[in-house]
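Colleague: Let me give you the structure first, and then I'll get to my questions.
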Amino acid sequence: MHGDAHTFDAISPLYDRLRPSVSPAVIESGLAFAERPIERLLDIGGGPGRGAEATDVPDRIVVDPAPGMLRAAAQRGLATTRAYAERLPFADDSADAVLFVDSLHHVDAPNQAITETARVLRPGGVVVIREFDPTGRFGCTMFALGRIVGLHSQPLTSESVAVMLESSGFAPSVLEDRFRFTAVGVVEREGDMSEEDGQSETIGGGVLIQDE
Numbered sequence: 001m002h003g004d005a006h007t008f009d010a011i012s013p014l015y016d017r018l019r020p021s022v023s024p025a026v027i028e029s030g031l032a033f034a035e036r037p038i039e040r041l042l043d044i045g046g047g048p049g050r051g052a053e054a055t056d057v058p059d060r061i062v063v064d065p066a067p068g069m070l071r072a073a074a075q076r077g078l079a080t081t082r083a084y085a086e087r088l089p090f091a092d093d094s095a096d097a098v099l100f101v102d103s104l105h106h107v108d109a110p111n112q113a114i115t116e117t118a119r120v121l122r123p124g125g126v127v128v129i130r131e132f133d134p135t136g137r138f139g140c141t142m143f144a145l146g147r148i149v150g151l152h153s154q155p156l157t158s159e160s161v162a163v164m165l166e167s168s169g170f171a172p173s174v175l176e177d178r179f180r181f182t183a184v185g186v187v188e189r190e191g192d193m194s195e196e197d198g199q200s201e202t203i204g205g206g207v208l209i210q211d212e
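First residue of the sequence shown: 1, per UniProt numbering; consecutive thereafter.
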């Protein structure tokens with residue numbers, strides 16, 4: 001998402017007109033997998049906050065590297081944090097749910113972003129990843145249009161996302177519809193995974209992005 005952040009910043013005034021709205025029912029169907037109450041939600045790569053806005057979670061934070069997108073989210077009354085998905089400036093076990101709505105394919109290192117997601121989620125927390133199916137005609141068209149406007153997307157299949165989730169300690173599920181899929185992961189922490197891999201401190205070195 002590092003390279004795409006500048007493009008999204010430039011198109012932020014028009015983004016809501018160009019993109020379809022987010023279905024609350026789809027998001028809620030993913031959040032329903034959570035095994036704990038959801039009081040704090042992070043909408044990562046959330047742009048103007050369409051995903052967060054589709055929920056009724058009390059504490060919603062939009063995380064995005066593009067200042068223009070965060071201004072749009074703030075206008076919706078949402079809390080915002082400027083950061084990249086691979087380095088989240090949040091403490092371990094500090095969120096109950098994470099959303100990636102049409103955003104994970106823009107992340108430079110999606111595996112690292114999923115690892116960071118596992119770090120910040122509390123036990124029983126859930127991540128909901130909404131993506132276009134790149135194997136279908138509609139998905140191929142969307143990614144081709146993205147390349148035309150200068151985006152550096154990495155199309156992700158439902159299978160590849162499920163593998164990433166499982167490798168980061170999630171129990172994955174995939175919900176598919178005609179043009180998209182929703183991958184859901186629930187945190188599994190039998191014992192203490194952070195102690196086992198010894199990365200609870202080093203992975204947590206997230207930083208806020210300072211204005212250049």
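C-beta atoms are modelled at their ideal positions from N, C-alpha and C, and glycine is treated no differently.
Residue 116: buried (16+ other C-beta within 10 angstroms of its C-beta) or exposed?
Modeller: Within the sequence shown, numbered from 1, the residue matching residue 116 stands at position 116. The residue in question, residue 116, is buried, as its Cβ has 16 or more Cβ neighbours within 10 Å.
Colleague: Drop a sphere of 10 angstroms on the beta-carbon of residue 103, count the other beta-carbons inside from all chains shown, and report buried for 16 or more, exposed for fewer.
Modeller: By one-based count along the sequence shown, residue 103 stands at place 103. Answer is buried; the Cβ neighbour count reaches 16.
Colleague: Within the continuous beta strand (DSSP E) that includes residue 185, where are the two ends?
Modeller: The count along the sequence shown starts at 1 and reaches residue 185 at position 185. Run containing residue 185: 180-187, per the beta strand (DSSP E) assignment.
Colleague: From the DSSP output, in three-state form, read off residue 40 for me.
Modeller: In the sequence shown, the residue the question calls residue 40 occupies position 40. In the structure shown, residue 40 sits in a strand (DSSP, three-state: E or B).
Colleague: Within the stretch 85-122, note down every full alpha helix (DSSP H) run reaching 4 residues or more, in order along the chain.
Modeller: Fully enclosed alpha helix (DSSP H) runs of no fewer than 4 residues occupy 110-120 of the stretch 85-122, in order along the chain.
Colleague: Which class does residue 132 belong to by DSSP, given the choice of helix, strand or coil?
Modeller: Locating residue 132 in the sequence shown gives position 132, counting from the first residue. Residue 132: strand per DSSP, three-state reduction.
Colleague: Residue 58 by DSSP, collapsed to three states: which one?
Modeller: What you label residue 58 is simply residue 58 of the sequence shown in a count that begins at 1. Three-state result, residue 58: coil.
Colleague: Going by DSSP in three states, residue 125 sits in which element: helix, strand or coil?
Modeller: Counted from its first residue, the sequence shown places residue 125 at position 125. Here residue 125 sits in strand by DSSP.
Colleague: With 16 as the cutoff for other CB atoms within 10 Å, does residue 24 come out buried or exposed?
Modeller: Here residue 24 is taken as the residue at index 24 of the sequence shown, counted from 1. Flag for residue 24 reads exposed.
Colleague: For residue 51 versus residue 43, is the C-beta distance shorter than 8 Å?
Modeller: Here residue 51 is taken as the residue at index 51 of the sequence shown, counted from 1. Here residue 43 is taken as the residue at index 43 of the sequence shown, counted from 1. In contact: residue 51 and residue 43 (Cβ atoms closer than 8 Å).
Colleague: Do residue 31 and residue 213 come within 8 Å of each other at the CB atom, strictly closer than that value?
Modeller: Here the chain comprises residues numbered 1 to 212, so residue 213 is not present and cannot be evaluated.
Colleague: Let me check understanding here. Comparing Cα to Cα, which of 105, 84, 122 lies closest to residue 183?
Modeller: Numbered from its first residue, the sequence shown carries residue 183 at position 183. Per the Cα distances, 105.
Colleague: The beta strand (DSSP E) spanning residue 173 covers which residue range?
Modeller: By 1-based counting over the sequence shown, the position of residue 173 is 173. Taken as a continuous stretch (DSSP letters only), the beta strand (DSSP E) holding residue 173 covers 170-176.
Colleague: Report all residues from its chain with a CB closer than 6 Å to the CB of residue 175; omit the five preceding and five following residues, and keep chain order.
Modeller: Counting from one through the sequence shown, the residue named residue 175 turns up at place 175. Within the same chain, and ignoring the five residues on either side of residue 175 in sequence, the residues whose Cβ sits closer than 6 Å to its Cβ are 182.
Colleague: When the distance is taken between beta carbons, is residue 124 closer than 8 Å to residue 34?
Modeller: Counted from its first residue, the sequence shown places residue 34 at position 34. Counted from its first residue, the sequence shown places residue 124 at position 124. For the 8 Å CB-CB criterion, residue 34 and residue 124 form a contact.
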